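Notes follow the structure.
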Amino acid sequence: MQITFDLIYKEGKEGHVVAENNLYQHIHFPEMLTRYDSNFLEFNKQPSLSEFKEAAHFLREFHKSKGQKHVKFYFPQDVKPSQELMDFFAREKFEVGFNELYSIAPDQFPPLEDNPDIEIKVVSDQDLDAYLEFQYQQDLEFGEEFAQQKIDLHKRHFQDENFIQLLAYYRGTPAGSVDVIIKSDTAEIDGLMVQESFQKKGIGSKLQERVMKKFPNKTVILLADGEDTPRLMYQRQNYRYGGFKYEVQKVYE
Numbered sequence: 001m002q003i004t005f006d007l008i009y010k011e012g013k014e015g016h017v018v019a020e021n022n023l024y025q026h027i028h029f030p031e032m033l034t035r036y037d038s039n040f041l042e043f044n045k046q047p048s049l050s051e052f053k054e055a056a057h058f059l060r061e062f063h064k065s066k067g068q069k070h071v072k073f074y075f076p077q078d079v080k081p082s083q084e085l086m087d088f089f090a091r092e093k094f095e096v097g098f099n100e101l102y103s104i105a106p107d108q109f110p111p112l113e114d115n116p117d118i119e120i121k122v123v124s125d126q127d128l129d130a131y132l133e134f135q136y137q138q139d140l141e142f143g144e145e146f147a148q149q150k151i152d153l154h155k156r157h158f159q160d161e162n163f164i165q166l167l168a169y170y171r172g173t174p175a176g177s178v179d180v181i182i183k184s185d186t187a188e189i190d191g192l193m194v195q196e197s198f199q200k201k202g203i204g205s206k207l208q209e210r211v212m213k214k215f216p217n218k219t220v221i222l223l224a225d226g227e228d229t230p231r232l233m234y235q236r237q238n239y240r241y242g243g244f245k246y247e248v249q250k251v252y253e
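Its first residue numbered 1, the sequence shown is counted upward by one per residue in the working numbering.
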């Protein structure tokens with residue numbers, strides 16, 4: 001099957017398209033206004049500088065009316081913004097980044113040795129409180145309001161049959177987690193994280209291994225920050241590169 005960014009789940013996109021034209025889709029997720037990745041414009045084609053400025057003004061005014069302090073934009077897959085746009089982003093202090101798309105057939109994931117110190121559990125009623133507390137502590141980096149809204153989001157995902165949540169314990173202590181978004185042909189790894197004090201112990205690989213074993217007949221997909229080191233780990237683990245996608249954002253004080 002062809003793996004593209006269209007297969008990647010975006011919280012808030014389904015059912016929350018509030019405007020659409022030839023240039024972009026406007027996504028607004030009122031349940032979580034502080035989540036930049038759920039409140040954005042996604043361009044269908046590369047905009048000119050004047051088109052971007054007009055779109056940015058529209059989104060800024062819309063978000064101001066909702067009490068939001070950011071604007072965020074996604075560009076089409078495998079299209080880098082023009083140099084004119086990049087120069088504008090630099091002048092106006094937009095944050096610019098890009099994600100890379102990776103996929104793997106589960107039987108291509110390298111085998112791992114058993115490690116009795118690491119236990120991976122599918123989050124159940126018994127583990128939910130521990131999972132939510134682990135997520136809350138990680139999300140506090142982005143503010144208490146955001147962390148609390150994420151708890152509500154995790155609770156909704158817990159009730160959704162298209163999601164499973166995995167919690168990794170290291171010698172009995174919650175140490176890492178990942179969400180898996182299930183579709184007919186794919187299982188998407190989302191939010192893979194390991195608490196800093198437990199890193200470099202193989203926990204992230206064990207979480208992935210559990211996904212591979214649970215979904216042996218699906219293609220496993222994920223996004224990686226195009227400027228961060230985890231993508232190198234995925235390449236070593238036999239994931240296949242599937243393209244890139246630029247995003248820009250700006251937060252106003």
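Using N, Cα and C, we set each Cβ at its ideal position, and we do this for glycine too. This one's a predicted model, so the numbers in the text were calculated from it and none came from an experiment.
Practice problem: Would you kindly work out how many angstroms separate the C-alpha atoms of PHE142 and TYR136, rounded to a whole number? | Solution: By one-based count along the sequence shown, residue 142 stands at place 142. By one-based count along the sequence shown, residue 136 stands at place 136. When rounded, the distance between both Cα atoms is 10 Å.
Self-check item: Secondary structure of GLN165, DSSP reduced to three states
Solution: Here residue 165 corresponds to residue number 165 of the sequence shown, with the count starting at 1. In this structure, GLN165 counts as strand in the three-state DSSP scheme.
Practice problem: With DSSP collapsed to three states, give me the class of HIS70. | Solution: Here the question's residue 70 lines up with position 70 in the sequence shown. Shown here, HIS70 sits in a strand according to DSSP, grouped into three states.
Quiz prompt | Nearest-angstrom Cα separation, counted from SER48 out to ARG171 | solution = Position 171 of the sequence shown holds residue 171. Position 48 of the sequence shown holds residue 48. Here the alpha carbon of ARG171 sits roughly 54 Å from the alpha carbon of SER48.
Practice problem: Determine the direct distance from the alpha carbon of MET1 to that of LYS218, and round the result to whole angstroms. | Solution: The sequence position of residue 218 within the sequence shown is 218, counting from 1. The sequence position of residue 1 within the sequence shown is 1, counting from 1. Cα-Cα distance, rounded: 11 Å.
Quiz item: When we look at the beta-carbon of LEU112 and count the other beta-carbons within 10 Å, is it buried (16 or more) or exposed?
Solution: Residue numbering aside, residue 112 sits at position 112 when the sequence shown is read from its first letter. Classification of LEU112: exposed, given that the 10 Å Cβ count is below 16.
Self-check item: Reference LEU101; option with closest CA among TYR252, GLU92, VAL18 and VAL220
Solution: For the purposes of this step, residue 101 is taken as residue 101 along the sequence shown, with counting starting at 1. LEU101 has its Cα closest to that of VAL220, out of TYR252, GLU92, VAL18 and VAL220.
Quiz prompt | Beta-carbon proximity check, LEU166 vs LEU132, cutoff 8 Å | solution = Position 166 of the sequence shown, counted from the start, is the residue given in the question as residue 166. Position 132 of the sequence shown, counted from the start, is the residue given in the question as residue 132. Between LEU166 and LEU132, the CB-CB gap reaches or exceeds 8 Å.
Quiz item: What did DSSP end up calling PHE5 once you bin it into helix, strand or coil?
Solution: Locating residue 5 in the sequence shown gives position 5, where the first residue counts as 1. Looking at PHE5 - three-state DSSP - the assignment turns out to be helix.
Quiz item: So, PHE43 versus LEU59, is the Cβ gap smaller than 8 Å?
Solution: Position 43 of the sequence shown holds residue 43. Position 59 of the sequence shown holds residue 59. Not closer than 8 Å, so no.
Quiz item: Who are the near neighbours of GLY191 in its chain, counting only those whose CB is closer than 8 Å to its CB and skipping five residues on each side?
Solution: Start at 1 with the first residue of the sequence shown, and residue 191 comes out as number 191. The residues are SER177, VAL178 and ASP179.
Quiz item: According to DSSP, is PRO47 helix, strand or coil?
Solution: Reading the sequence shown from its first residue, position 47 is the one you call residue 47. Here PRO47 sits in coil by DSSP.
Quiz prompt | Helix, strand or coil at VAL18 [DSSP, three-state] | solution = Taking the first residue of the sequence shown as 1, we reach residue 18 at position 18. Strand at VAL18.
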